[in-house]
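Structure first, then comments.
There are 2 protein chains.
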Amino acid sequence: MNAKKSIILLSGGLDSATTLYYAKDKGYNCYVLIFDYGQRHKREIKSAVEIARQLKVPYQIVKIVLPWKGSALTDASVKIPIERTLSQISKDIPATYVPGRNTIFLSFALSYAEAIGAKFIFIGANVIDYSGYPDCRPQFLEAFQRLIKKGARDTEIAIKAPLIRKTKLQILKMAMKLGVPIDKTWSCYSGGETPCGVCDSCLIRNKAFSIMKKKV
Amino acid sequence: MNAKKSIILLSGGLDSATTLYYAKDKGYNCYVLIFDYGQRHKREIKSAVEIARQLKVPYQIVKIVLPWKGSALTDASVKIPIERTLSQISKDIPATYVPGRNTIFLSFALSYAEAIGAKFIFIGANVIDYSGYPDCRPQFLEAFQRLIKKGARDTEIAIKAPLIRKTKLQILKMAMKLGVPIDKTWSCYSGGETPCGVCDSCLIRNKAFSIMKKKV
Numbered sequence: 024m025n026a027k028k029s030i031i032l033l034s035g036g037l038d039s040a041t042t043l044y045y046a047k048d049k050g051y052n053c054y055v056l057i058f059d060y061g062q063r064h065k066r067e068i069k070s071a072v073e074i075a076r077q078l079k080v081p082y083q084i085v086k087i088v089l090p091w092k093g094s095a096l097t098d099a100s101v102k103i104p105i106e107r108t109l110s111q112i113s114k115d116i117p118a119t120y121v122p123g124r125n126t127i128f129l130s131f132a133l134s135y136a137e138a139i140g141a142k143f144i145f146i147g148a149n150v151i152d153y154s155g156y157p158d159c160r161p162q163f164l165e166a167f168q169r170l171i172k173k174g175a176r177d178t179e180i181a182i183k184a185p186l187i188r189k190t191k192l193q194i195l196k197m198a199m200k201l202g203v204p205i206d207k208t209w210s211c212y213s214g215g216e217t218p219c220g221v222c223d224s225c226l227i228r229n230k231a232f233s234i235m236k237k238k239v
Numbered sequence: 024m025n026a027k028k029s030i031i032l033l034s035g036g037l038d039s040a041t042t043l044y045y046a047k048d049k050g051y052n053c054y055v056l057i058f059d060y061g062q063r064h065k066r067e068i069k070s071a072v073e074i075a076r077q078l079k080v081p082y083q084i085v086k087i088v089l090p091w092k093g094s095a096l097t098d099a100s101v102k103i104p105i106e107r108t109l110s111q112i113s114k115d116i117p118a119t120y121v122p123g124r125n126t127i128f129l130s131f132a133l134s135y136a137e138a139i140g141a142k143f144i145f146i147g148a149n150v151i152d153y154s155g156y157p158d159c160r161p162q163f164l165e166a167f168q169r170l171i172k173k174g175a176r177d178t179e180i181a182i183k184a185p186l187i188r189k190t191k192l193q194i195l196k197m198a199m200k201l202g203v204p205i206d207k208t209w210s211c212y213s214g215g216e217t218p219c220g221v222c223d224s225c226l227i228r229n230k231a232f233s234i235m236k237k238k239v
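Shown next as structure tokens:
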């Protein structure tokens with residue numbers, strides 16, 4: 024069991040929840056890591072905790088205070104892009120990009136993995152139906168893997184991104200098959216009590232759900 | 024001036040203080056980043072703040088709470104190695120290694136740089152008279168540079184480690200030449216009010232001072 028000890032980055036969204044269920048299904052010993060980084064959609068933290076609890080896996084919440092702004096997700100004065108087409112969404116880096124976010128998340132995951140002797144770090148990043156963030160792409164994850172090889176104490180820790188080349192529809196199907204509590208996942212960026220339906224994250228998610236509906 | 028906007032990682036020790044003075048001397052526009060990560064030698068934070076204030080450069084203190092242990096610097100129950108010879112110090116990774124520390128520090132520096140449009144990140148890492156930490160070596164810094172190239176929003180941000188191949192004696196000489204307030208710097212790991220004189224960090228520092236004394 025110890026050989027499959029893993030850190031799972033869990034935001035509370037569909038992708039990371041599916042990644043957690045996938046890892047658990049494959050027999051990995053999961054230690055969930057959740058970040059409270061001042062995101063306006065704090066609701067996702069609640070989702071992440073519920074998901075981890077339901078699956079009965081241990082979790083840690085790390086609180087990060089970024090004293091600088093620079094993202095629509097952490098600065099209420101910056102507007103979240105809405106009602107964009109899917110081709111617009113993945114074209115440029117949007118205002119919702121949080122500077123250095125995945126580098127920070129993975130560096131904490133690396134620290135946690137080294138501290139408890141975990142051998143894997145799972146991340147739900149994907150680059151097909153995604154928001155255009157540079158730190159979600161395979162070349163970023165490969166570079167982080169190389170960083171571990173070059174500068175960690177445990178150079179054998181492996182990054183796993185099982186969703187990296189899946190469409191949102193494929194992820195949704197996978198989630199259903201794995202029994203992910205999809206109703207508990209939270210994707211919306213806007214910070215309301217109910218999903219706004221018009222932010223990039225809602226649009227990508229809803230498109231997959233509507234295709235799925237048509238097929239059923 | 025904006026083209027030379029830089030983030031400087033400042034621990035409050037001799038190396039990072041010298042790096043800050045070096046950057047300032049070379050005309051870089053310095054934004055200092057200080058970390059409060061639960062280190063037992065909290066005294067270094069006070070030193071870092073004093074040094075930044077004296078040089079009249081803006082600084083930010085980022086508080087990091089690592090919920091996991093795994094280092095003598097963050098866990099009072101783990102003993103700090105003492106009275107080791109210099110050849111023992113650099114041989115293995117010591118108990119004072121903090122899992123993922125420089126990866127975390129650099130990831131915050133990257134975030135800060137992207138948020139304020141800084142083009143350089145200065146770090147005082149060096150591998151000659153050092154504590155044997157894997158995340159202080161040139162190959163680690165090169166891998167982090169590559170990570171920025173592959174996954175940051177601003178792929179042009181450059182990591183600078185001007186002390187990387189200098190001996191502690193060379194750094195001390197450099198510090199004196201640059202007018203670093205050496206008396207304000209703090210290197211001791213032990214967390215006391217005065218330097219213990221026997222931890223790895225004190226031993227490396229004191230050796231340089233004693234050679235310097237003999238020469239004067």
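So the sequence lines, in the order shown, correspond to chains R and X. Just so we're aligned: the first sequence equals residues 24 to 239 in my numbering. Just so we're aligned: the second sequence equals residues 24 to 239 in my numbering. We put the CB at the ideal spot given by N, CA and C, even for glycine. Nothing here was measured: the structure is a model prediction, and the numbers come from that model.
Is there a Cβ from chain R that is less than 7 angstroms from the Cβ of X:F163? yes
Short of 7 angstroms Cβ to Cβ, which residues in the stretch 63-80 of chain X face chain R? none
Of all the CB atoms in chain R, is at least one closer than 7 angstroms to the CB of X:Q83? It does: the Cβ of X:Q83 has a partner Cβ on chain R nearer than 7 angstroms.
Member of X:F145, X:D152, X:G155, X:L186 whose CA lies at the smallest distance from the CA of X:Q168: X:F145
Expressed to the nearest angstrom, what Euclidean distance is found between the alpha-carbon atoms of R:Y153 and R:V80? 27 angstroms
Candidates R:L96, R:D59, R:Y44, R:W91: which alpha carbon is nearest R:Q77's? It is R:Y44.
Anyone know if the C-beta pair for X:E216 and X:R176 falls short of 7 angstroms? For X:E216 and X:R176, no; Cβs fall outside 7 angstroms.
With distances taken from CA atoms, which of R:K236, R:D98, R:S210, R:K142 is nearest R:A118? R:D98
Buried or exposed for X:G67, please, with buried defined as at least 16 other CB atoms from any protein chain shown within 10 angstroms of its CB. Per the sequence shown, residue 67 of chain X should be read as Glu rather than Gly. Under this definition X:E67 is a buried residue.
Give the residues from the stretch 129-158 of chain X that approach chain R closer than 7 angstroms (Cβ to any Cβ), ordered along the chain. Listed by position, the residues of the stretch 129-158 of chain X near chain R (Cβ gap below 7 angstroms) are S130, F131, L133, S134, Y135, E137, A138, I139, P157, D158.
Just the C-alpha distance for X:L226 and X:G220, rounded to the nearest angstrom, thanks. 6 angstroms
Taking the straight line between their C-alpha atoms, what separation do you get for R:I171 and X:N125? 12 angstroms
Pick from X:P104, X:L164, X:K207 that is closest to X:L186, judged by C-alpha positions: X:L164
Express the C-alpha separation of X:S34 and X:V85 in angstroms, rounding to a whole number. 12 angstroms
Tell me the residue span of the alpha helix (DSSP H) that contains X:V72. 66-77
So X:N52 and X:K28 are in contact, right, with Cβ under 8 angstroms, and what is the actual spacing, rounded? Contact flag correct, Cβ pair sits at about 5 angstroms.
Interface partners of X:R188 on chain R, CB under 8 angstroms: Those do not exist, as X:R188 stays about 17 angstroms from chain R at its closest Cβ, beyond 8 angstroms.
Per the DSSP calculation, X:Q83 is bridged to which residue(s)? X:L56
Does the beta carbon of R:G174 come closer than 7 angstroms to any beta carbon on chain B? Absence of chain B from the displayed structure is noted, the protein chains being R and X.
Complete beta strand (DSSP E) runs within the stretch 116-154 of chain R (minimum length 3 residues, chain order): 143-145
For R:G123 versus X:L133, is the C-beta distance shorter than 7 angstroms? yes
So with CB distances below 7 angstroms, who are the chain X contacts of R:F167? Here the neighbours are L170.
Of all the options R:L96, R:W91, R:P161, which has the alpha carbon lying nearest to the alpha carbon of X:Y135? R:W91
Report yes if the C-beta distance between X:L37 and X:T208 is below 7 angstroms; otherwise report no. yes
Can you tell which of X:N25, X:R63, X:Q62 has its C-alpha closest to the C-alpha of X:G50? Among X:N25, X:R63, X:Q62, the Cα nearest to that of X:G50 belongs to X:N25.
Within the 7 angstroms Cβ cut-off, does R:W209 reach chain X? no
Give a yes or no on whether the minimum CB-CB distance between R:P122 and chain X is below 7 angstroms. Yes, contact with chain X.
Which word fits X:D115, buried or exposed, when buried means at least 16 other C-beta atoms lie within 10 angstroms of its C-beta? exposed
Is the Cβ-Cβ distance between R:I87 and R:F58 less than 7 angstroms? Result yes, Cβ atoms of R:I87 and R:F58 sit closer than 7 angstroms.
Own chain partners of R:A60 with C-beta closer than 6 angstroms, once the 5 adjacent residues on each side are dropped: At residue 60 of chain R the sequence reads Tyr, which differs from the Ala that was named. Excluding residues within five positions, the ones whose Cβ falls inside 6 angstroms are I87.
Among X:Y120, X:F131, X:T42, X:S113, which residue has its Cα nearest to the Cα of R:V121? Check the Cα spacing between R:V121 and each of X:Y120, X:F131, X:T42, X:S113: the tightest is with X:F131.
With respect to the beta strand (DSSP E) encompassing X:A231, which residues constitute its N-terminal and C-terminal limits? X:A231 -> not in any beta strand (DSSP E); alpha helix (DSSP H) instead, spanning 223-238.
Going by DSSP, what residue range makes up the alpha helix (DSSP H) through R:K102? No alpha helix (DSSP H) holds R:K102; DSSP gives it neither H nor E.
Between the CA atoms of X:G214 and X:M13 - distance to the nearest angstrom: Nothing in the structure corresponds to residue 13 of chain X, since chain X is present only between 24 and 239.
Would you mind working out which of X:Q62, X:G155, X:L96, X:Y82 sits nearest X:S110, comparing C-alpha positions? X:G155
Please list the residues of the stretch 84-100 of chain X that have a C-beta atom closer than 9 angstroms to any C-beta atom in chain R, keeping them in chain order. Within the stretch 84-100 of chain X, the qualifying residues are I84, V85, K86, I87, V88, L89, P90, W91, K92, G93, S94.
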